[in-house]
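First comes the structure, then the notes that go with it.
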Amino acid sequence: GNSVTQMEGPVTLSEEAFPTINCTYTATGYPSLFWYVQYPGEGLQLLLKATKADDKGSNKGFEATYRKETTSFHLEKGSVQVSDSAVYFCALRGAQKLVFGQGTRLTINP
Amino acid sequence: EAQVTQNPRYLITVTGKKLTVTCSQNMNHEYMSWYRQDPGLGLRQIYYSMNVEVTDKGDVPEGYKVSRKEKRNFPLILESPSPNQTSLYFCASSTSWGRGPSYEQYFGPGTRLTVT
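So the sequences go chain by chain: A and B. Reminder that position 25 of the first sequence reads as 25 in the numbering used here, one-by-one numbering, no gaps. Reminder that position 38 of the second sequence reads as 38 in the numbering used here, one-by-one numbering, no gaps.
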């Protein structure tokens, strides 16, 4: 079946670091892929998405590229800020649902 | 403002006392879904609904019920809650879930439930 695996957290970095949050997936075919972000005390918000191989999703300085060769969708940002502290979820579009990874908590210290 | 609302946001209850968590969306979405979020497990789907009067089980439906009598509402019912249902619950909705464009799912703010 479909599954998503994210890197273990938590991840703690200083401002202006260059984080990468790894995400790999197992799926039949080439499903759409998503990154959702959950800020403290809030629900999930769509951060970015890619609907086919080699697509790059981007938003708020974050980027992720749909790599079918490595079945990966790693999240990257050039320079983080304290306000990027959140839990990040990688997900794929399955049948009648999103399939989520376990989430990665990112903490950015000033 | 387009949104998904849930009530209550926080609830502490005792084993066996029936409860309902409400979910409402104002976007005329056909598809709605309930997820629970547990540490280390991400979000897992409980139930979903493709449209009014059409519901089906997700990955973890045991101990839950749902109904979809109106398009905007999708309540989650725990008829006899147990401590293993202590979790953070999210309702979500999207335009549809068929083939074609990948519609965004909009999530509610979450309901933190504790069953003692």
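We put the beta carbon where it would ideally sit given N, CA and C, even for glycine.
How big is the Cα-Cα spacing for residue i and residue j?
{"i": "B/Thr15", "j": "B/Ser82", "result": "5 Å"}
{"i": "A/Asp84", "j": "A/Val11", "result": "12 Å"}
{"i": "B/Pro39", "j": "A/Gln102", "result": "8 Å"}
{"i": "B/Lys123", "j": "B/Leu76", "result": "Residue coverage of chain B in this structure runs from 1 to 116, which leaves residue 123 of chain B outside it and unanswerable."}
{"i": "A/Thr104", "j": "B/Gln6", "result": "25 Å"}
{"i": "A/Tyr66", "j": "A/His74", "result": "8 Å"}
{"i": "A/Cys116", "j": "B/Thr116", "result": "This structure cannot settle anything about residue 116 of chain A, because the visible part of chain A is limited to 1 through 110."}
{"i": "B/Gly108", "j": "A/Ala86", "result": "17 Å"}
{"i": "A/Gly43", "j": "B/Tyr47", "result": "18 Å"}
{"i": "A/Gln38", "j": "A/Leu106", "result": "10 Å"}
{"i": "B/Trp97", "j": "A/Ser72", "result": "24 Å"}
{"i": "A/Val4", "j": "B/Tyr35", "result": "16 Å"}
{"i": "B/Thr86", "j": "B/Arg44", "result": "14 Å"}
{"i": "A/Asp54", "j": "B/Phe74", "result": "36 Å"}
{"i": "B/Val66", "j": "B/Thr22", "result": "10 Å"}
Examine chain B for any beta-carbon lying closer than 8 Å to the beta-carbon of residue i, and answer yes or no.
{"i": "A/Gly29", "result": "no"}
{"i": "A/Lys97", "result": "yes"}
{"i": "A/Gln102", "result": "yes"}
{"i": "A/Gly57", "result": "no"}
{"i": "A/Gly43", "result": "yes"}
{"i": "A/Leu75", "result": "no"}
{"i": "A/Leu46", "result": "yes"}
{"i": "A/Phe89", "result": "yes"}
Taking 8 Å as the CB-CB limit, is residue i close to chain A?
{"i": "B/Tyr48", "result": "yes"}
{"i": "B/Trp97", "result": "yes"}
{"i": "B/Asn41", "result": "According to the sequence displayed, residue 41 of chain B carries Leu and not Asn. Output row for B/Leu41: interface = yes."}
{"i": "B/Gln105", "result": "yes"}
{"i": "B/Phe90", "result": "yes"}
{"i": "B/Gln25", "result": "no"}
{"i": "B/Pro61", "result": "no"}
Am I right that residue i and residue j are in contact with their C-beta atoms under 8 Å? What's the rounded C-beta distance?
{"i": "B/Tyr10", "j": "B/Arg72", "result": "The Cβ separation is near 23 Å, so there is no contact."}
{"i": "B/Met184", "j": "B/Ala92", "result": "Missing from the structure shown is residue 184 of chain B; chain B here goes from 1 to 116 and no further."}
{"i": "B/Leu78", "j": "B/Leu19", "result": "5 Å"}
{"i": "B/Glu104", "j": "A/Leu46", "result": "5 Å"}
Does the beta-carbon of residue i have 16 or more other beta-carbons within 10 angstroms, so that it is buried, or is it exposed?
{"i": "A/Thr26", "result": "exposed"}
{"i": "B/Tyr89", "result": "buried"}
{"i": "A/Pro40", "result": "exposed"}
{"i": "A/Tyr30", "result": "exposed"}
{"i": "B/Val54", "result": "exposed"}
{"i": "B/Ile12", "result": "exposed"}
{"i": "A/Ala50", "result": "buried"}
{"i": "A/Ala64", "result": "buried"}
{"i": "A/Lys68", "result": "exposed"}
{"i": "A/Ser32", "result": "buried"}
{"i": "B/Gly110", "result": "buried"}
{"i": "A/Lys52", "result": "exposed"}
{"i": "B/Lys69", "result": "exposed"}
{"i": "A/Lys97", "result": "buried"}
The region 56-67 of chain B touching the region 103-110 of chain A, judged by at least three CB pairs closer than 8 Å: No: fewer than three Cβ pairs fall under 8 Å.
Contact between the region 2-14 of chain B and the region 22-36 of chain B (3+ Cβ pairs under 8 Å): A contact exists between the region 2-14 of chain B and the region 22-36 of chain B.
Touching by the beta-carbon criterion (3+ pairs, under 8 Å), the region 70-86 of chain A and the region 12-25 of chain A: Note that the region 70-86 of chain A touches the region 12-25 of chain A; at least 3 beta-carbon pairs, one per stretch, sit closer than 8 Å.
Cβ contact (3+ pairs, closer than 8 Å) linking the region 93-101 of chain A and the region 52-60 of chain A: No, because fewer than three Cβ pairs between the region 93-101 of chain A and the region 52-60 of chain A fall closer than 8 Å, the two stretches do not touch.
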